Ligand code: ADP
Ligand code: MG
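Numbering (my numbering), first residue to last: 281 to 678.
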């Protein structure tokens, strides 16, 4: 995939109506009160939005929220986002009552340079997730330029993330530009050695990433729940640890492929176990492959921490996807925290991909020490798998 895409700086935006696809899929309070519990994604959209307004564009912003499945669900309305966005921008944000209906069309038509209109949740329209050309065309009809800044949605070929680019010149905003530069750069032309740290719960969800990074990385580090499938595949005793029996052969294949390619593949040498999957479990540290019955591996052990931290010390680039243990329970967060700390201390380019990994780094207080924390969980995963991202592929090449 070509990552060298035109940005808002490469095209004339002054006096134009711009359809800006944002990722305003923010978490909302469960009580239906319309309270946004984390506005990070709204703040992330500000640089591009402000740039467009300063340049004298009229901005028609759009986004999905949640999964309304083509129906109007008041609890998934973007109205609270318009309110918060207006506070952050310090200017009025008009809200359309629909996506491409009469209200949206009339408000878009009347929009003046420097003004912002937010359309309703794009997934209120059935055609959104089907990438219906009629919806894409209707969205495009409101504007003269399409700017995509919703990295969190670029792995989906939907009407507002990709289809619309068939009808308008399409460029990226600053958020996507940075994702492409940093992650794309690390994949295409990494500063070496490139160390990939892969963890999380399941091998099956990371197969594509392991496979792709085996072609690129110098070292691959395996942690988290998926390490026990590797351990079991090598004949280790893993007690009640997470294990995907169907993926044991694959795990062995990956070990063999790494050896054949000269990629260093590191597996845990010890593990912190719990006697149940709970924050208050009793804990015990054992060697890898020696987990007693009735216990399960929930974090990497101290010898593994040392091994892994050493492996990232002299790295040129580190890509991290997937926590080393069940970091949500403080008793099993030490491995993840130690790796986060080691990354904060290297001179390497450090890239965090994956929703839970990003949350872990934030929760543990290392977020501002990383070069880049991806704003897209699923999108960064597919990026690292080497897949084409429809929301990026549709943008104009530089
Ligand atoms: P990401 O979102 O960063 O890609 P994943 O979704 O693959 O990461 O995995 C994150 C989850 O993996 C976390 O909720 C964490 O609790 C879980 N996890 C990590 N290690 C283990 C383990 N040993 N046993 C069970 N779950 C684990
Ligand atoms: Mg996850």
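Glycine is no exception: its CB is placed at the ideal position from the N, C-alpha and C atoms.
These numbers come from a predicted model, not from an experiment.
{"Asked": "Proximity of residue 611 and residue 565 at Cβ, strictly below 8 Å", "Found": "no"}
{"Asked": "Closest by C-alpha distance to residue 671, when choosing among 306, 478, 367, 444", "Found": "444"}
{"Asked": "Residues with C-beta closer than 7 Å to any heavy atom of the ligand MG, in chain order", "Found": "480, 634, 635, 636, 657"}
{"Asked": "For residue 639 and residue 607, the rounded distance between their alpha carbons", "Found": "10 Å"}
{"Asked": "Touch test, the stretch 282-295 against the stretch 452-459, Cβ-Cβ under 8 Å, three pairs minimum", "Found": "yes"}
{"Asked": "Length of the line joining the Cα atoms of residue 678 and residue 284", "Found": "6 Å"}
{"Asked": "Nearest residue (CA-CA) to residue 641, options 578, 295, 621", "Found": "621"}
{"Asked": "Anticipated Cβ contact below 8 Å, residue 596 with residue 548, distance rounded", "Found": "No, residue 596 and residue 548 are not in contact; Cβ-Cβ is about 24 Å, not under 8 Å."}
{"Asked": "Nearest-angstrom Cα separation, counted from residue 437 out to residue 659", "Found": "12 Å"}
{"Asked": "Span of the beta strand (DSSP E), counted from its first residue to its last, around residue 452", "Found": "450-452"}
{"Asked": "8 Å contact criterion, which residue 305 and residue 346 should meet: CB distance rounded", "Found": "7 Å"}
{"Asked": "Local Cβ density within 10 Å of residue 576, reported as buried at 16 or more and exposed below that", "Found": "buried"}
{"Asked": "When 293, 363, 302 are compared against residue 315, the one with the closest alpha-carbon", "Found": "363"}
{"Asked": "Where residue 296 falls: helix, strand or coil (DSSP)", "Found": "coil"}
{"Asked": "Residue 658 in three-state terms, based on DSSP", "Found": "helix"}
{"Asked": "Rounded C-alpha distance that separates residue 449 from residue 377", "Found": "26 Å"}
{"Asked": "Beta-carbon gap between residue 521 and residue 530 smaller than 8 Å", "Found": "no"}
{"Asked": "Residue from 599, 330, 311 whose Cα sits closest to the Cα of residue 703", "Found": "The requested residue 703 does not occur in the structure, where the chain is confined to residues 281 to 678."}
{"Asked": "Classification of residue 386 by the beta-carbon crowding that lies within 10 angstroms, buried from 16 upward", "Found": "exposed"}
{"Asked": "For residue 527, three-class secondary structure by DSSP", "Found": "helix"}
{"Asked": "Boundaries of the beta strand (DSSP E) in which residue 398 is found, first to last residue", "Found": "396-398"}
{"Asked": "Helix, strand or coil at residue 589 according to DSSP, with G and I counted as helix", "Found": "helix"}
{"Asked": "Proximity of residue 395 and residue 296 at Cβ, strictly below 8 Å", "Found": "no"}
{"Asked": "Alpha-carbon spacing of residue 511 relative to residue 535, whole angstroms", "Found": "11 Å"}
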